[in-house]
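Data block below; observations after.
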Amino acid sequence: MFSYDNSIIITAHSIWERGGGSTVRGLVNRIKLIFSNISLKRKILTIVLVSIFLISGVSLAGISVVSDAYLKLLQKTIANNLSYSATTISYYLSNIETMSGLMLSDSNIQSNLSDVRHSDNPRIRTEAYKKLSYTVLEYYQQYKPNFISYITLNNPEFITYSNFLGSRKTPEEIERSVLNAAHDGDGRPVWICDYGNEYGIFMGRLIKNIQSSNLEELGTLLVSIDLDGLMNSLNKEDPLYENPQYYIMTGDTIIYNDNPISATIHDQRKASAMRSYDIMNVDGHRYFVTEDVIPGIGWTYVCYLSYDPIFKSVSFVRTLSIVMIILSILLAIIFSESMISFISRHTQGLIRKMEAFSTDENAVIDSDYDYSSRRDEFGLLNRQFDSMAGKIRHLIQVNYVNELWKKDAQLKALETQINPHFLYNTLESVNWRAQVAGNMEISSMIESLGTLLRATLSNSTSHFDLKKELEIVTAYITIQKYRFEDRLEFSIHCDEALYNAQIPKMCIQPLVENSINYGLEESTELCSIEITIEHQQESGSLMVLVKNDGSLFEECLLEKLRSQEIRPHGFGIGLINIDERIKLMFGKEYGLTLYNDQEWAVARIHMPYITDQEEIVC
1 MFSYDNSIII TAHSIWERGG GSTVRGLVNR IKLIFSNISL KRKILTIVLV SIFLISGVSL
61 AGISVVSDAY LKLLQKTIAN NLSYSATTIS YYLSNIETMS GLMLSDSNIQ SNLSDVRHSD
121 NPRIRTEAYK KLSYTVLEYY QQYKPNFISY ITLNNPEFIT YSNFLGSRKT PEEIERSVLN
181 AAHDGDGRPV WICDYGNEYG IFMGRLIKNI QSSNLEELGT LLVSIDLDGL MNSLNKEDPL
241 YENPQYYIMT GDTIIYNDNP ISATIHDQRK ASAMRSYDIM NVDGHRYFVT EDVIPGIGWT
301 YVCYLSYDPI FKSVSFVRTL SIVMIILSIL LAIIFSESMI SFISRHTQGL IRKMEAFSTD
361 ENAVIDSDYD YSSRRDEFGL LNRQFDSMAG KIRHLIQVNY VNELWKKDAQ LKALETQINP
421 HFLYNTLESV NWRAQVAGNM EISSMIESLG TLLRATLSNS TSHFDLKKEL EIVTAYITIQ
481 KYRFEDRLEF SIHCDEALYN AQIPKMCIQP LVENSINYGL EESTELCSIE ITIEHQQESG
541 SLMVLVKNDG SLFEECLLEK LRSQEIRPHG FGIGLINIDE RIKLMFGKEY GLTLYNDQEW
601 AVARIHMPYI TDQEEIVC
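In full-length UniProt numbering, the protein residues as written are 1 to 618.
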């Protein structure tokens with residue numbers, strides 16, 4: 001049927017390839033070349049103007065679309081509001097029907113109406129009247145929030161009122177008509193809507209004796225509903241639009257309206273095919289009209305409101321949009337002129353910083369603008385460049401310092417170079433001879449010394465588990481106990497569950513050695529040394545406390561050692577080394593802290609709790 005389609009496509013494609021395509025590509029390339037070579041100022045101006053013209057065209061074309069969309073949104077919003085109102089009306093009327101059912105089956109009402117019907121005793125009838133009045137009043141008070149004007153209980157002998165004055169507003173002939181309609185309902189709820197505007201609507205039900213087999217008639221229940229009050233309450237609950245009007249109808253008959261215009265709108269609706277919503281002209285004014293059905297009752301609920309303000313608003317927005325577009329074009333040109341100078345100032349400043357750093361990475365790059373609080377791209381670029389320059393300087397310094405440390409370590413290794421196996425074998429020989437001679441103290445000292453030498457001379461790893469480190473400390477203390485005898489007291493407080501924690505090699509033993517040096521070497525008194533190790537689960541930290549009495553740390557000792565206020569030597573160098581090793585391994589938030597706690601000098605190591613299944617980044 002469409003066999004010519006492929007030939008048309010092929011022909012068009014060949015024409016494009018032979019002439020049209022190359023012409024368009026050439027034009028695009030020329031535009032790109034021109035745009036690439038114009039100044040930054042003209043580029044920004046071109047981009048801004050093209051963008052504004054495109055947006056303006058789309059905006060003008062979209063105003064009509066927005067008007068239709070607004071109308072649909074208005075209909076949807078009002079329909080939702082109307083649906084809520086209809087559901088609310090249904091809720092109140094359903095409550096009233098429920099109340100009527102409860103009253104019909106109420107044992108007090110049944111028994112007292114039966115007494116009135118079958119007894120000629122005035123006292124019994126009077127007592128029944130009182131009880132019925134009380135019961136009716138009780139139901140009225142309970143269900144009054146459902147906009148009940150009054151309740152009457154009618155029987156051949158008398159009428160029971162919930163409020164007598166309220167019922168007197170309804171003419172007797174209307175009440176008689178309502179009672180007749182209720183009687184015809186034979187016990188079903190009957191809604192009487194013929195007097196909605198003047199007296200509200202009524203619900204009537206015939207009351208029968210549910211205890212008797214023939215369901216004899218006992219009386220008639222009549223409930224008057226304040227429809228005007230109900231409608232006003234809905235307007236107060238949801239004043240979404242200004243002065244909305246409502247009317248309710250059953251079939252083609254209006255049973256309630258609050259404005260004379262309702263009748264005119266109703267007539268126009270009957271004369272035309274009414275959609276779910278419509279705009280109608282009444283006496284030179286536009287009205288937006290929509291409707292819904294009250295569930296459970298079947299009445300039609302119509303809402304209408306003036307569309308004139310909405311139409312004026314749309315027209316005003318259209319005119320204002322055109323004026324704003326023209327003003328935007330003028331302001332865009334002025335803004336582009338100032339923006340290009342602003343951008344150039346920051347780009348040129350960044351270029352100067354780059355050129356200065358490329359010439360000398362140690363040069364101090366000054367800027368006449370503070371970018372620390374800027375959140376745009378210029379602030380980010382300048383902060384990132386400053387951060388990068390600082391990192392490069394730091395890496396240069398760190399590499400330089402590391403090379404110095406490496407050379408120093410190599411020199412020390414050359415100075416102390418000796419075959420470890422020779423030392424181990426020699427110590428084993430001495431230990432064997434001591435055991436043969438029965439000198440177990442010398443044997444114990446030699447075994448402890450061997451443990452220390454193995455840990456000191458081993459370079460296989462930069463860290464131990466906690467158990468290994470404590471074995472080294474114990475070996476060191478064993479040797480010192482033979483030296484100081486009863487003057488040295490030592491204890492370790494550590495949960496065995498922490499033994500697999502990984503810590504830097506030889507970081508606890510130097511602290512114990514420092515405690516002995518200042519607590520025993522320079523004193524003749526008893527010295528107590530305690531090691532306490534704790535795992536702080538909340539922060540994931542491991543705390544190692546080495547405490548001794550007999551000496552105290554000088555205030556801010558580590559800071560003074562670093563600043564050369566106190567010249568580091570011996571143990572001072574060891575303290576700085578421990579702190580720096582921990583910071584290098586785990587970060588600057590960890591390290592060594594020295595302080596005094598009453599009579600105790602405390603050295604505290606703070607590091608993350610890492611098990612032997614994890615790796616320490618060295």
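Positions of the beta carbon are idealized from the N, C-alpha and C atoms, including for glycine. Keep in mind it's a predicted model, so treat the numbers as computed, not measured.
Can you give me the start and stop residues for the alpha helix (DSSP H) that residue i sits inside?
| i | result |
| --- | --- |
| Ser491 | From DSSP, Ser491 is part of no alpha helix (DSSP H) but of the beta strand (DSSP E) over 488-493. |
| Ala475 | 466-484 |
| Asn180 | 172-184 |
| His559 | Position check: residue 559 holds Glu in this sequence, whereas His was assumed. Start and end: 557-562. |
Are there 16 or more other CB atoms within 10 angstroms of the CB of residue i, so buried, or fewer, so exposed?
| i | result |
| --- | --- |
| Tyr482 | exposed |
| Glu599 | exposed |
| Ile9 | The pLDDT assigned to Ile9 is 47, lower than 50, so where the model puts this residue is not dependable, and the model offers no usable value. |
| Asn514 | buried |
| Lys547 | buried |
| His118 | exposed |
| Leu153 | buried |
| Trp299 | buried |
| Tyr256 | buried |
| Trp191 | buried |
| Val323 | exposed |
| residue 630 | This structure leaves residue 630 out entirely; the chain is present only between 1 and 618. |
| Thr23 | exposed |
| Ile446 | buried |
| Asn112 | buried |
| Asn596 | exposed |
| Cys504 | According to the sequence shown, residue 504 is Pro rather than Cys. That one is buried. |
| Ala61 | exposed |
| Lys169 | exposed |
| His394 | exposed |
| Leu305 | buried |
Mind checking who residue i pairs with in its DSSP beta bridge?
| i | result |
| --- | --- |
| Asp258 | Its beta-bridge partners do not exist; DSSP assigns none. |
| Arg604 | Leu545, Thr593 |
| Gln536 | Ser541 |
| Leu305 | Phe288 |
| Val282 | His285 |
| Thr300 | Met249, Val293 |
| Glu530 | Ser491, Lys547 |
| His394 | According to DSSP, His394 bridges with nothing at all. |
| His266 | Partner(s): none; His266 has no beta bridge. |
Taking residue i as part of the beta strand (DSSP E), name the residues at either end of that continuous run.
| i | result |
| --- | --- |
| Arg286 | 285-293 |
| Asn243 | Neither: Asn243 is in no beta strand (DSSP E) and is coded neither H nor E. |
(request) Quick one: which unbroken alpha helix (DSSP H) runs of 4-plus residues sit fully inside the segment 212-240? Chain order, please. (result) 227-237
(message) Quick check for students: name the residue ranges of the alpha helix (DSSP H) that lie wholly in the segment 492-522, counting only runs of 4 or more.
(response) 509-516
(message) Quick check on the DSSP output: what are the complete beta strand (DSSP E) runs of length 3 or more inside the segment 110-170, in order along the chain?
(response) 148-154, 159-161
(request) Count the CB pairs spanning the segment 118-136 and the segment 196-216 that are closer than 8 Å, and state whether there are at least three. (result) no
(request) Any chance you could list the beta strand (DSSP E) runs of at least 3 consecutive residues sitting entirely within the segment 338-389, in chain order? (result) Runs of the beta strand (DSSP E) inside the segment 338-389: none found.
(message) Pairs of beta-carbons, one from the segment 157-165 and one from the segment 68-75, closer than 8 Å: are there three or more?
(response) Taking one beta carbon from each stretch, the segment 157-165 and the segment 68-75 have fewer than 3 pairs nearer than 8 Å; the two do not touch.
(request) Ignoring anything shorter than 4 residues or poking outside the segment 185-211, list the alpha helix (DSSP H) runs there in chain order. (result) 196-199
(request) Return the chain-ordered ranges of every beta strand (DSSP E) run that is complete within the segment 35-92 and spans a minimum of 3 residues. (result) none
(message) Pairs of beta-carbons, one from the segment 507-524 and one from the segment 572-588, closer than 8 Å: are there three or more?
(response) When C-beta atoms of the segment 507-524 are compared with those of the segment 572-588, three or more pairs fall below 8 Å, so the two segments count as touching.
(request) Would you check if there are 3 or more beta carbon pairs closer than 8 Å linking the segment 331-342 to the segment 277-284? (result) no
(message) Tell me whether the segment 535-542 and the segment 551-559 touch, counting them as touching only if at least three CB pairs, one residue from each stretch, are closer than 8 Å.
(response) no
(message) Using 8 Å as the cut-off, can you tell me whether the segment 313-322 makes contact with the segment 96-103, which would need three or more C-beta pairs spanning the two stretches below that distance?
(response) no
(request) May I ask you to verify whether the segment 577-594 touches the segment 519-534, counting CB pairs closer than 8 Å and requiring at least 3? (result) Counting C-beta pairs closer than 8 Å gives fewer than three between the segment 577-594 and the segment 519-534, which falls short of the contact rule.
(message) Closer than 8 Å is the cut-off here; do at least three beta carbon pairs connect the segment 214-232 with the segment 177-188?
(response) yes
(message) Check whether the segment 344-362 and the segment 370-385 are in contact - that is, three or more C-beta pairs closer than 8 Å.
(response) yes
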